[in-house]
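*Asks:*
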DNA sequence: ATGTAATACTTCGTTTAGCGAACAAAATGG
DNA sequence: CCATTTTGTTCGCTAAACGAAGTATTACAT
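As structure tokens, this is what we get:
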């Protein structure tokens with residue numbers, strides 16, 4: 025592997041970390057401004073876009089256990105953002121439904137990414153936008169591929185081997 | 025704003041969310057495999073790359089309060105990963121220094137992004153790598169610009185106005 | 001030089017997020 | 001009809017994070 029390849033890996037990792045960090049920090053500020061925590065806001069947004077969802081679905085979408093969802097929904101229920109409606113089709117299930125109060129709160133608390141991103145994106149030239157979308161989708165595919173490697177933890181040695189593999 | 029512009033914004037936001045989610049989920053798994061929590065690992069990595077850092081610096085880099093850093097450093101000290109060394113130049117300051125134990129732990133716990141990313145990145149064609157780096161750096165600049173907008177919270181109306189602004 | 005302000009860090013008490021284990025209720029498949 | 005699986009909740013616990021208050025230490029203004 026040549027030097028500029030290694031440089032590019034480092035550069036893109038640094039850029040990705042900046043993206044992660046900026047979003048994370050901003051998400052906290054935003055949720056606080058909306059009077060919710062970021063985890064609660066994420067749940068509210070998920071319920072809001074679909075109109076209704078089950079704890080099981082929320083759990084797998086967010087990547088947390090159902091027990092955690094129960095606690096988050098409890099808090100949103102206590103604040104009147106959301107209500108639990110027993111499912112008729114399957115009586116094990118509970119539908120988490122957004123309320124009017126919840127909807128209007130969502131209006132005041134737009135998505136963290138949207139706020140930062142949309143304004144800047146609109147300023148880019150057409151070809152830049154197209155390229156950006158293509159690149160982001162490629163990175164996303166790279167990262168959330170379910171089977172990048174069977175082993176959950178790669179040792180440093182293996183990583184260096186990959187990096188040296190040309 | 026034409027339809028395909030709006031589509032592109034949506035597509036890129038979706039891609040960014042996939043990136044964020046994949047990294048977040050993976051970070052948890054990885055830290056657990058390394059016997060540390062992800063917050064502790066982040067501190068250890070920061071201290072490890074610079075060799076030594078102050079709580080104040082860690083605090084602003086990570087975007088948390090100093091009280092939080094104190095607690096995290098306490099835990100790393102208890103596990104012998106890191107030690108506190110009083111600063112000589114400024115006696116208010118404490119240097120957090122990585123130990124041998126900490127270094128070797130870092131070897132076993134590579135960065136969450138690295139693991140997922142490096143393998144896939146190496147497989148891309150040269151021109152794709154170059155384009156990816158350029159795009160990622162552009163997004164990062166867009167997101168962590170300190171002055172995207174003076175107002176901390178943008179209302180939905182304003183966002184829609186931006187999206188309709190051409 | 002001396003008093004005041006700012007900085008660096010810690011301690012303490014509290015809230016939130018998240019997990020695993022144990023459980024009840026309902027659905028599914030023999 | 002019975003065993004198994006799925007769905008959701010409760011409980012007890014750990015970790016992360018915050019703000020407020022407190023202690024040193026340094027910087028600054030007069």
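Chains as they are written, first to last, in the working numbering: chain G, 25 to 190; chain L, 25 to 190. Cβ coordinates follow ideal geometry from the N, Cα and C atoms, glycine included.
(1) Determine the closest residue to residue 160 (chain G) out of G:43, G:133 and G:126, with distance taken between C-alpha atoms.
(2) Given a threshold of 16 other Cβ atoms within 10 Å of its Cβ, counted over all protein chains shown, does residue 163 (chain G) qualify as buried or as exposed?
(3) Within the same chain, show all residues whose beta-carbon is closer than 6 Å to that of residue 116 (chain L), passing over the 5 residues directly before and after it, in chain order.
(4) Under 9 Å between beta-carbons, which chain G residues line up against residue 161 (chain L)? List them in chain order, please.
(5) Who are the neighbours of residue 166 (chain G) on chain L, taking C-beta pairs under 8 Å?
(6) Taking just the CA atoms, how far does residue 34 (chain L) sit from residue 153 (chain G)?
(7) With burial defined as no fewer than 16 other Cβ atoms inside 10 Å of the residue's Cβ, what is the status of residue 75 (chain G): buried or exposed?
(8) If you measure from the beta carbon of residue 156 (chain G) to each beta carbon in chain L, is any gap under 8 Å?
(9) If you follow the alpha helix (DSSP H) that residue 79 (chain L) is part of, which residue opens it and which one closes it?
(10) Any C-beta of chain L sitting closer than 8 Å to the C-beta of residue 63 (chain G)?
(11) So, is the C-beta of residue 129 (chain G) closer than 8 Å to a C-beta in chain L?
(12) Would you mind giving the Cβ-Cβ distance between residue 55 (chain G) and residue 65 (chain G), rounded to the nearest angstrom? I have them listed as a contact below 8 Å.
(13) Quick check: the Cα distance between residue 41 (chain L) and residue 93 (chain G), rounded to an integer number of angstroms?
(14) So the beta strand (DSSP E) residue 107 (chain G) belongs to, where does it begin and stop?
(15) So, is residue 129 (chain G) buried or exposed, given that buried needs 16 or more other C-beta atoms within 10 angstroms?
(16) Alpha carbons only, please: which of G:107, G:135, G:134 and G:114 is nearest the one belonging to residue 124 (chain G)?
(17) Please name the residue or residues paired with residue 122 (chain G) in a DSSP beta bridge.
(18) If I measure Cβ to Cβ from residue 114 (chain G) and keep anything under 6 Å in the same chain, skipping five residues before and after, which residues do I get?
(19) Residues in the stretch 70 to 101 of chain G with C-beta within 9 Å of chain L's C-beta atoms, listed in sequence order?
(20) In the DSSP assignment, what are the bridge partners of residue 76 (chain G)?
(21) If I follow the unbroken alpha helix (DSSP H) through residue 202 (chain L), where does it start and stop?
(22) Judging by CA-CA distance, which residue of G:87, G:155 and G:127 is the nearest neighbour of residue 151 (chain L)?
*Replies:* Walking through what the data contain:
(1) Minimum Cα distance to residue 160 (chain G) is reached at G:43.
(2) Classification for residue 163 (chain G): buried.
(3) Answer for residue 116 (chain L): no residue qualifies.
(4) By Cβ distance, chain G contributes 35, 36, 38, 39 and 42.
(5) In chain order: 140, 141, 144 and 145.
(6) Distance from the CA of residue 153 (chain G) to the CA of residue 34 (chain L), rounded to the nearest whole angstrom, comes to 11 Å.
(7) When all chains shown are included, residue 75 (chain G) counts as exposed.
(8) By this cut-off, residue 156 (chain G) is an interface position.
(9) Annotation: the continuous alpha helix (DSSP H) that includes residue 79 (chain L) extends over 79 to 86.
(10) It does not; no Cβ of chain L falls within 8 Å.
(11) With a threshold of 8 Å between beta carbons, residue 129 (chain G) makes no contact with chain L.
(12) Confirmed, Cβ separation roughly 5 Å.
(13) C-alpha separation (whole angstroms): 20 Å.
(14) Where residue 107 (chain G) is concerned, the enclosing beta strand (DSSP E) starts and stops at 106 to 110.
(15) With 16 or more other Cβ atoms from the protein chains shown falling within 10 Å of its own Cβ, residue 129 (chain G) counts as buried.
(16) Of all alpha-carbon atoms in G:107, G:135, G:134 and G:114, the one lying nearest the alpha-carbon of residue 124 (chain G) is that of G:107.
(17) Paired residues: G:106.
(18) Correct list: empty, nothing qualifies.
(19) Only those residues of the stretch 70 to 101 of chain G whose C-beta falls short of 9 Å from the nearest C-beta of chain L are listed: 85, 86 and 87.
(20) Paired residues: G:121.
(21) No information on residue 202 (chain L) is available, as it lies outside the stretch 25 to 190 that chain L covers here.
(22) Ranking G:87, G:155 and G:127 by Cα distance to residue 151 (chain L) puts G:155 first.
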